[in-house]
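First up is the structure itself, then whatever we jot down about it.
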Amino acid sequence: MSRQAAASPARISRASRHDAQIIIGMTLLLTVMGLVMVLSASGVSTRSSPYRLLTTQAVAAGLGVAAMLVLSRFPVRVLRKLSWPAFLLTLVLLVLVLTPLGVEVNGARRWLGLGPVTFQPSELAKFTSVLWSAHIVDAKRRLLHDWKHLAIPYLLGNGLFIALVLLEEDLGTAAVLMLITLATLFIAGVELRKLLVVLGGVSVVVIIAALISPNRMVRLMSWANRACDDGMDLCHQNLQGQYALASGGLWGVGMGQSRQKWHWIPEAHTDFIFAVIGEEMGLIGSLFFLLIFAFLAVSIHRIAQRSTSVFARCFCTVTLIWLIAQAVLNIAMVAGLVPVTGVPLTFISFGGSSLATSLAAIGVMLAVARDNGRQPDPQLQVSKETGAA
2 MSRQAAASPA
12 RISRASRHDA
22 QIIIGMTLLL
32 TVMGLVMVLS
42 ASGVSTRSSP
52 YRLLTTQAVA
62 AGLGVAAMLV
72 LSRFPVRVLR
82 KLSWPAFLLT
92 LVLLVLVLTP
102 LGVEVNGARR
112 WLGLGPVTFQ
122 PSELAKFTSV
132 LWSAHIVDAK
142 RRLLHDWKHL
152 AIPYLLGNGL
162 FIALVLLEED
172 LGTAAVLMLI
182 TLATLFIAGV
192 ELRKLLVVLG
202 GVSVVVIIAA
212 LISPNRMVRL
222 MSWANRACDD
232 GMDLCHQNLQ
242 GQYALASGGL
252 WGVGMGQSRQ
262 KWHWIPEAHT
272 DFIFAVIGEE
282 MGLIGSLFFL
292 LIFAFLAVSI
302 HRIAQRSTSV
312 FARCFCTVTL
322 IWLIAQAVLN
332 IAMVAGLVPV
342 TGVPLTFISF
352 GGSSLATSLA
362 AIGVMLAVAR
372 DNGRQPDPQL
382 QVSKETGAA
């Protein structure tokens with residue numbers, strides 16, 4: 002029997018509370034630092050008050066923290082029951098984006114408007130996909146060897162989310178949803194052969210989505226060939242991001258002193274905010290951000306390992322993969338290691354929908370931490386003991 006299996010419920014509960022405190026601290030620290038960087042990166046691009054975008058992001062942060070606190074008080078069994086209503090609501094919202102009710106911003110129709118407020122259902126789809134997928138694989142954990150039970154509703158439901166997001170021409174978010182779909186199956190213990198089949202299907206979808214979009218293909222080829230002298234500025238944003246990182250040096254040029262944000266990097270407060278971080282705070286400041294993400298990841302992993310149900314373990318682990326992989330992909334994009342994908346930097350980039358849903362996901366993990374130390378799920382316990390044997 003593993004040491005974890007032999008640990009008393011009281012000991013597990015104390016350890017989970019400690020990790021929950023670290024998660025809260027690191028999450029709030031990233032959120033506050035994100036607000037500071039949004040102010041720094043956006044102050045030069047707004048025609049009105051330099052605090053306008055900061056105010057918008059701060060409101061989203063407040064709503065997200067409120068959602069985090071509320072969800073953290075729910076029993077995990079109640080959160081499971083909310084997975085289907087959340088799935089259906091998100092599905093309806095994604096469909097509405099494609100109707101005249103959808104709001105177009107910078108040539109992309111990915112938002113819904115409610116008076117002066119706009120929100121992005123595809124960001125909600127990430128959170129909903131993790132919650133719903135964890136519920137489905139727990140409910141069908143003894144049947145996942147059967148393609149029929151694997152396909153319906155799991156692959157069908159996630160496939161609908163991915164298809165609707167692809168219709169919004171948002172390949173970056175669709176890729177994150179594909180990662181969530183695959184990661185959940187892996188954590189649930191689906192056999193390798195089936196995982197490879199699903200991975201092959203996902204790869205085909207990504208290739209087709211790239212091939213049928215001339216804009217994506219041109220951008221991809223420009224990135225691959227570093228063809229930035231073609232008169233179309235297709236990798237201008239990527240190059241300027243790298244210039245910003247390079248000019249930051251070891252210690253940075255100082256908070257608020259970035260030069261690249263002065264219209265050299267378009268929309269620097271969104272997907273390329275890490276370039277501003279690197280320029281203003283240097284390598285040391287950039288590594289500090291990465292260290293915070295590392296502390297957050299380790300604490301989430303510990304809570305997942307102590308979780309008392311398949312649902313809780315899948316939710317925590319896949320949320321960890323979602324949040325950290327998204328951050329890694331964003332940083333790699335700014336560094337020029339991958340093409341521009343439009344994936345935000347978790348907790349940092351401007352975008353109220355992304356910030357609020359990420360904070361809500363943290364709230365569910367805190368609820369799992371509260372449940373740890375109670376009577377474990379027998380199926381999960383057998384799995385852990387078998388793995389430790």
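2 is the number of the first residue of the sequence shown in the numbering used here; add one for each residue after it.
For glycine and all other residues, C-beta sits at the position ideal for the given N, C-alpha and C.
Outcome for residue i when other beta-carbon atoms lying within 10 angstroms are tallied against a minimum of 16
| i | result |
| --- | --- |
| Gly-286 | buried |
| Met-27 | buried |
| Ser-84 | buried |
| Lys-262 | buried |
| Lys-127 | buried |
| Ala-189 | buried |
| Leu-69 | According to the sequence as given, residue 69 is Met; it is not Leu. Buried, since its Cβ has 16 or more Cβ neighbours within 10 Å. |
| Arg-307 | buried |
| Ser-50 | exposed |
| Asp-231 | Note that Asp-231 scores a pLDDT of 48, beneath 50, so its modelled location is shaky; the value from the coordinates is reported in the next line. That one is exposed. |
| Ile-394 | Since the first and last residues shown for the chain are 2 and 390, residue 394 lies out of range. |
| Tyr-52 | exposed |
| Ile-208 | exposed |
| Ile-163 | buried |
| Asp-20 | buried |
| Met-179 | buried |
Residues that DSSP places opposite residue i in a beta bridge
| i | result |
| --- | --- |
| Phe-120 | Leu-113 |
| Gly-44 | None; Gly-44 has no bridge partner. |
| Val-106 | Ala-109 |
Rounded distance between the beta-carbons of residue j and residue i, thought under 8 Å
| i | j | result |
| --- | --- | --- |
| Leu-360 | Gly-65 | 3 Å |
| Ser-41 | Val-254 | At roughly 11 Å, the Cβ-Cβ gap does not stay under 8 Å, so Ser-41 and Val-254 are not in contact. |
Of the residues the options, the one placed nearest residue i, counting alpha carbons only
| i | options | result |
| --- | --- | --- |
| Phe-393 | Gly-253, Pro-345, Ile-325 | In the structure as shown, the chain starts at 2 and stops at 390, and residue 393 therefore has no counterpart that could be examined. |
| Gly-352 | Ala-370, Val-365, Ala-269 | Ala-269 |
| Ser-438 | Tyr-52, Gln-22, Leu-30 | Residue 438 lies beyond the stretch modelled for the chain, which goes from 2 to 390, so this question has no answer here. |
| Gly-250 | Trp-224, Arg-260, Met-282 | Met-282 |
| Thr-32 | Ser-350, Ser-50, Trp-224 | Ser-350 |
| Cys-317 | Val-365, Gly-103, Trp-133 | Val-365 |
| Val-203 | Leu-193, Ala-176, Ser-223 | Ala-176 |
| Ala-336 | Ile-304, Gln-243, Leu-97, Ala-368 | Gln-243 |
| Ser-14 | Pro-340, Ile-181, Arg-303 | Arg-303 |
| Ser-354 | Val-37, Thr-119, Arg-220, Leu-94 | Thr-119 |
| Ser-310 | Ile-293, Trp-323, Ala-140, Arg-53 | Ala-140 |
| Gln-241 | Ser-259, Val-207, Asn-226 | Ser-259 |
| Leu-125 | Ala-368, Ala-357, Ala-370, Leu-367 | Ala-357 |
| Ala-62 | Pro-76, Phe-289, Leu-30, Phe-88 | Leu-30 |
| Ser-123 | Pro-117, Ala-135, Leu-90 | Leu-90 |
| Ala-362 | Leu-80, Arg-194, Val-93 | Leu-80 |
At least 3 beta-carbon pairs within less than 8 Å: the region 324 to 335 vs the region 88 to 101: no
Three or more C-beta pairs under 8 Å: does that hold for the region 195 to 213 against the region 178 to 185? yes
For the pair the region 314 to 329 and the region 150 to 157, tell me if three or more CB-CB distances fall below 8 Å. no
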